[in-house]
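Colleague:
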Amino acid sequence: MKVERNFFSAKAIGYLIITVSALIMVMPFVTALFNSLKTYAEFTAVPPRWIPELFQWSNYAEVFKLGNFLDYTANSFLVTFLSVLGALLSCSMVGFAFARLKFPLKNILFVMVLGTMMIPPVVIIIPHFMIFKQMNLLDTLTPLWLLECLAQPFGIFLMRQAFMSIPKEYEESAKLDGCNPFQTYWRIFMPMVRPSLATVAIFTFMTKWNEILAPSIYLTSNEKFTLPIGILSLSGQWFGNEQYMVAAALMSLIPILIVFLFAERYFVSNFTNSGIK
Amino acid sequence: MESQRVTQTSTILTTKKRRLLTHEGRWGLLLVSPYLIHFIVFVVGPLIASLYFSFSQYDMLNPPNWAGLENYEKLFNEPLFYKSLWNTLYFAILFVPTQAFLALLLAVALNQKLKALKLYRMAHFIPVISSWTVVMYVVDAIFNPRFGMANNFLIKLGLEPQRWLNDEQLVIPLLVLVAVWKGVGYMMVIYLAGLQNVPNELYEAAEIDGAGTIKKFKSITLPLISPTTFLVIVLSTITTFQAFEQIYVMTGGAADITEAGGPNDASLVLMLYLYREGFSFLHMGYASAIAWILFIILFLLTLLQLWGQKKWVHYN
Numbered sequence: 001m002k003v004e005r006n007f008f009s010a011k012a013i014g015y016l017i018i019t020v021s022a023l024i025m026v027m028p029f030v031t032a033l034f035n036s037l038k039t040y041a042e043f044t045a046v047p048p049r050w051i052p053e054l055f056q057w058s059n060y061a062e063v064f065k066l067g068n069f070l071d072y073t074a075n076s077f078l079v080t081f082l083s084v085l086g087a088l089l090s091c092s093m094v095g096f097a098f099a100r101l102k103f104p105l106k107n108i109l110f111v112m113v114l115g116t117m118m119i120p121p122v123v124i125i126i127p128h129f130m131i132f133k134q135m136n137l138l139d140t141l142t143p144l145w146l147l148e149c150l151a152q153p154f155g156i157f158l159m160r161q162a163f164m165s166i167p168k169e170y171e172e173s174a175k176l177d178g179c180n181p182f183q184t185y186w187r188i189f190m191p192m193v194r195p196s197l198a199t200v201a202i203f204t205f206m207t208k209w210n211e212i213l214a215p216s217i218y219l220t221s222n223e224k225f226t227l228p229i230g231i232l233s234l235s236g237q238w239f240g241n242e243q244y245m246v247a248a249a250l251m252s253l254i255p256i257l258i259v260f261l262f263a264e265r266y267f268v269s270n271f272t273n274s275g276i277k
Numbered sequence: 001m002e003s004q005r006v007t008q009t010s011t012i013l014t015t016k017k018r019r020l021l022t023h024e025g026r027w028g029l030l031l032v033s034p035y036l037i038h039f040i041v042f043v044v045g046p047l048i049a050s051l052y053f054s055f056s057q058y059d060m061l062n063p064p065n066w067a068g069l070e071n072y073e074k075l076f077n078e079p080l081f082y083k084s085l086w087n088t089l090y091f092a093i094l095f096v097p098t099q100a101f102l103a104l105l106l107a108v109a110l111n112q113k114l115k116a117l118k119l120y121r122m123a124h125f126i127p128v129i130s131s132w133t134v135v136m137y138v139v140d141a142i143f144n145p146r147f148g149m150a151n152n153f154l155i156k157l158g159l160e161p162q163r164w165l166n167d168e169q170l171v172i173p174l175l176v177l178v179a180v181w182k183g184v185g186y187m188m189v190i191y192l193a194g195l196q197n198v199p200n201e202l203y204e205a206a207e208i209d210g211a212g213t214i215k216k217f218k219s220i221t222l223p224l225i226s227p228t229t230f231l232v233i234v235l236s237t238i239t240t241f242q243a244f245e246q247i248y249v250m251t252g253g254a255a256d257i258t259e260a261g262g263p264n265d266a267s268l269v270l271m272l273y274l275y276r277e278g279f280s281f282l283h284m285g286y287a288s289a290i291a292w293i294l295f296i297i298l299f300l301l302t303l304l305q306l307w308g309q310k311k312w313v314h315y316n
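These protein sequence lines are chains A and B, in that order. Position 227, counted from 1, in the first sequence is what UniProt numbering calls 227; the numbers after and before it change by one each time, with no gaps. Position 314, counted from 1, in the second sequence is what UniProt numbering calls 314; the numbers after and before it change by one each time, with no gaps.
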C-alpha cells in the first residue's frame, strides 16, 4: 500500500512539473501566433489583447507580397537540400571507409576527425572567409553548403558507428559475389543504415535551415539571403507592419516543424547519441 | 654484409608499401577523400593561417603585415575586451547551472510511465528546433517593452513596467532565461538517456533498506548520472562561450552589427566582439587574436572541468 501511494504522489508531482513546463514552452508560440493574426492597431494596442478580435489570415498572404520573402524561402530550401544530400553522401562514404576498410594512416586520420570536433569554429572562421573570397564565392550560396559536402565530423562519427554494427558475413558474401568496396558500400551496407542516415539528414536539415552566422558573413545582396537573416533584414522595410514579420517568422518554422513531426524519434536519437559520445 | 642488410630491409619495405596500397587501401583512401580535403583545406590550413593573422595587421585589402604581439598587447589594454570577457563569463555562470538543474528536474519528472509522454517531449522540443529569428519574434510577443504581455502582467500586479532587453541590468539575465527556455529540452533528452541506464535493482534494494524518494535520488540517481551531468556542463560551457546567434539576433545586431551588444555594450560577448572587429571594421588580425584567446580560455576551462570531475563524477 505504502509503495503505491508513494508511486502515485511522485507521479502527480511529475505531471505537475512537466505540464507547467510544457505550457511555458508552448505559450509564447501561441501568443506570437495570435499576434501574427492582428491588425497593426491591435498589435500595438496598450494594454495588449491576447486573442485578436478578428483573425487577420490575410497577414500571411501579405508576407509574400513584401520584400524578397519568396527568394529567401527558395534560397533556404536550396541550401538545405544540397547540404543534406552532400552530408548523406560524404558522411556515409567516409564513415564506411573508417568502419570497414583498411587503408594507410586510418587510425591517425580518425583521431583527427575527433580532434576536428574539438576545434571551436570561431578560430577558423576568418580563414574560411578568405578561402571563399579567393574562390570568388562571396555573396553566393555555395559557402553555405559546400562544407557539408566534405563530410562533417559528427556525421562521420555517427555513420561509422552504424556501419561497425553490421556483421562481417555481409561483407564476405558481397566479396564472394564479386562486389568491389564501393558496390558493397552502396548496394549492401547503405540500405542497412537507414536510421542513422535519417539522423544525419535531420541534424543537417535543422542546422542549415536555422543557420545565421555563416549567411550573415557570406551574403550581402538581399535577394541572396536565407530565411533567418532575410526576415531580420525586413525589419526596416516593414516598420509599421510588425505583425507581418511575426507571420513570416512563424511560416519559416513550418518546414522544420513538419520534418520534426514525422521524424521525432530520429531527432531524439540524434540528441541522445550526441550525449553518449 | 651491411649493404646486404640494407637492401633486405628495403625490399621488405617496398613489399610492405605495395601491400599497404592494395585494392582495398586505394578504395579506402578514395572513400575518405572528402574528409581529407576538408581536413587539409578547411581545418589545418585555416588553423595555421589564423595563428599567423593573429600576429599580423590584416584588413583583407592589403596583404597581412607581420606585427608581432601588437594585436595581443592591444587586446589586453582594451576595456571593451574585458567587458566582453566578463559578459561572456556572467552569461555562462547564470546559464550553465540553471540549464543543467532544470533539465535534470524535467528528465526526472518525465522518466516515469506518464501518459502523453511523446506530446510532452514534443512540446519541449519546439523551441529547440526553432531558429533564433523565430525565437526573437516569439519572445518579443512577451517581452516587448511597449506592448508585450510581460509588462501588461507587471502593471496588473501594480509593479513598474520594464525595458527588458533595452535595460543594461536586465539584458543578460533575460537572454539567459530565453537560452534556457530554448535549450532545456535538448539537455532533458540527454539526461533521460542517462536516467534510463540506471539499473532498477538498485532502487529496489534501497527501498528494501527503507530509503525514501529523496534519499534514493541523492544516493543513487545523482552519483550514477554524474557522467551525464559532467557532459551537460562541458557541452553547455563550450556552446555558451561561442554563443553568437542569439545575442546577434536578439540585441539588434541584425539591423546593424555595430549596434549589436545591447545597451551600452551590456551584452557584448566575445564572439560578437570578434565579429564586429573582423567583419565590420575589417580588423582581421585583431579578430584572429580574439579568436585564439577565446580558444585558449575554452581549452583551459575544459582542462579545469576534466580535472575537477575526479572529485564528483563516478564511473562504474
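By construction, the Cβ of each residue, glycine as well, lies at the ideal position given by its N, Cα and C atoms. Since the model is a prediction, treat every value here as computed from it, not as a measurement.
Indicate whether residue 133(B) and residue 228(A) have their beta-carbon atoms separated by less than 8 angstroms.
Modeller: Yes, Cβ-Cβ distance for residue 133(B) and residue 228(A) is below 8 angstroms.
Colleague: For residue 236(B) and residue 96(B), which I take to be in contact (beta-carbon distance under 8 angstroms), what is that distance rounded to the nearest angstrom?
Modeller: Confirmed, about 5 angstroms.
Colleague: Are there three or more Cβ pairs, one per stretch, closer than 8 angstroms when the segment 164-179 of chain A is compared with the segment 111-120 of chain A?
Modeller: No: fewer than three Cβ pairs fall under 8 angstroms.
Colleague: Say whether the segment 150-163 of chain A touches the segment 192-203 of chain A, bearing in mind that this needs 3 or more beta-carbon pairs closer than 8 angstroms, one atom from each stretch.
Modeller: The segment 150-163 of chain A vs the segment 192-203 of chain A: in contact.
Colleague: Please state whether DSSP places residue 152(B) in a helix, a strand or coil.
Modeller: Helix, per DSSP.
Colleague: What residues in the segment 35-53 of chain B have a beta carbon less than 8 angstroms from any beta carbon of chain A?
Modeller: The residues in question are 35, 36, 37, 38, 39, 41, 42, 43, 45, 46, 47, 49, 50, 53.
Colleague: Looking at the structure shown, is residue 66(B) part of a helix, part of a strand, or coil, going by DSSP?
Modeller: Strand at residue 66(B).
Colleague: Is residue 32(A) buried or exposed, if buried means 16 or more other CB atoms sit within 10 Å of its CB?
Modeller: When all chains shown are included, residue 32(A) counts as buried.
Colleague: Residues bridged to residue 317(B) by DSSP?
Modeller: Not covered by the structure: residue 317(B). The range shown for chain B is 1 to 316.
Colleague: Distance, Cα to Cα, residue 80(B) vs residue 177(B)?
Modeller: Using only the alpha carbons, I get a separation of about 24 angstroms.
Colleague: Count the other C-beta atoms from every protein chain shown that fall within 10 angstroms of the C-beta of residue 265(B), then say buried if there are 16 or more, exposed otherwise.
Modeller: Per the 10 Å Cβ criterion, buried.
Colleague: Could you spell out where the alpha helix (DSSP H) holding residue 171(A) opens and where it closes?
Modeller: Residues 168-176.
Colleague: Determine whether the Cβ of residue 106(B) lies closer than 8 angstroms to any Cβ atom of chain A.
Modeller: Yes, its Cβ sits closer than 8 angstroms to a Cβ of chain A.
Colleague: Assign residue 20(A) to buried or exposed, taking buried as 16 or more other Cβ atoms, counted over all protein chains shown, within 10 Å of its Cβ.
Modeller: Counting Cβ neighbours within 10 Å, residue 20(A) comes out exposed, since fewer than 16 surround it.
Colleague: Measure the Cβ-Cβ separation of residue 279(B) and residue 128(A) and say whether it is below 8 angstroms.
Modeller: Against a cut-off of 8 angstroms, the Cβ pair of residue 128(A) and residue 279(B) comes out as no contact.
Colleague: So which of 186(B), 36(B), 68(B) has the shortest CA-CA distance to residue 233(B)?
Modeller: Nearest option by C-alpha distance: 186(B).
Colleague: Quick one: is residue 193(B) buried, meaning 16 or more other Cβ sit within 10 Å of its Cβ, or exposed?
Modeller: The residue is buried, with at least 16 neighbouring Cβ atoms inside 10 Å.
Colleague: Using a C-beta cutoff of 8 angstroms, does residue 172(A) count as contacting chain B?
Modeller: It does not: the Cβ of residue 172(A) has no partner Cβ on chain B nearer than 8 angstroms.
Colleague: Please state whether DSSP places residue 36(A) in a helix, a strand or coil.
Modeller: Correct three-state label for residue 36(A): coil.
Colleague: As a quick exercise: from 165(B), 197(B), 38(B), 50(B), pick the residue whose alpha carbon is nearest that of residue 124(A).
Modeller: Closest option to residue 124(A), Cα to Cα, is 50(B).
Colleague: Please work out which residues of its chain come closer than 7 angstroms, Cβ to Cβ, to residue 171(A), disregarding the five sequence neighbours upstream and downstream, and give them in chain order.
Modeller: Cβ neighbours of residue 171(A) beyond the five flanking positions: 100, 184.
Colleague: At the level of alpha carbons, what is the spacing between residue 226(B) and residue 214(B)?
Modeller: Approximately 17 angstroms, taken between the alpha carbons.
Colleague: Starting from the Cα of residue 71(A), find the closest Cα among 141(A), 195(A), 148(A) and give me that residue.
Modeller: For residue 71(A), the nearest C-alpha among the options comes from 141(A).
Colleague: Run down chain B in chain order and give the residues with a C-beta less than 8 angstroms from the C-beta of residue 199(A).
Modeller: Those within 8 angstroms of residue 199(A) in chain B number zero; the least Cβ separation is about 13 angstroms.
Colleague: Whole angstroms is fine: what's the gap from residue 207(A)'s alpha carbon to residue 222(A)'s?
Modeller: Cα-Cα distance, rounded: 21 angstroms.
Colleague: How would you list, in chain order, the residues of chain D whose beta-carbon sits under 7 angstroms from the beta-carbon of residue 261(B)?
Modeller: Among the chains of the structure shown, chain D does not appear; the protein chains present are A and B.
Colleague: Considering only residues of the same chain and omitting the five flanking positions on each side of residue 14(A), which have a CB-CB separation below 6 angstroms?
Modeller: Here the set comprises nothing.
Colleague: Quick one: using the 10 Å Cβ neighbour count with 16 as the cut-off for buried, is residue 172(B) buried or exposed?
Modeller: That one is buried.
Colleague: Check whether the segment 144-157 of chain B touches the segment 85-99 of chain B, taking contact to mean three or more Cβ pairs, one atom from each stretch, closer than 8 angstroms.
Modeller: With a cut-off of 8 angstroms, the segment 85-99 of chain B and the segment 144-157 of chain B do not count as touching, because too few Cβ pairs lie within range.
Colleague: Provide the residue span of the alpha helix (DSSP H) that contains residue 28(B), from first to last.
Modeller: Element bounds for residue 28(B): 23-37.
Colleague: With a CB to CB cut of under 8 angstroms and the five nearest residues on each side skipped, what residues in its chain are close to residue 258(A)?
Modeller: Correct list: empty, nothing qualifies.
Colleague: Consider the Cβ of residue 169(B): report whether some Cβ of chain A lies at a distance smaller than 8 angstroms.
Modeller: Not an interface residue.
Colleague: Flag residue 78(B) as yes if its beta-carbon sits less than 8 angstroms from any beta-carbon of chain A, otherwise no.
Modeller: By this cut-off, residue 78(B) is not an interface position.
Colleague: Just confirm the distance between the C-beta atoms of residue 174(B) and residue 143(B), as a whole number of angstroms; I'd bet it's less than 8 angstroms.
Modeller: 7 angstroms between Cβ atoms; contact.
Colleague: Alpha carbon to alpha carbon, what distance is there between residue 108(A) and residue 96(A)?
Modeller: Rounded to the nearest angstrom, the two C-alpha atoms are 16 angstroms apart.
Colleague: Measure the Cβ-Cβ separation of residue 248(A) and residue 261(A) and say whether it is below 8 angstroms.
Modeller: Going by C-beta atoms, residue 248(A) is not nearer than 8 angstroms to residue 261(A).
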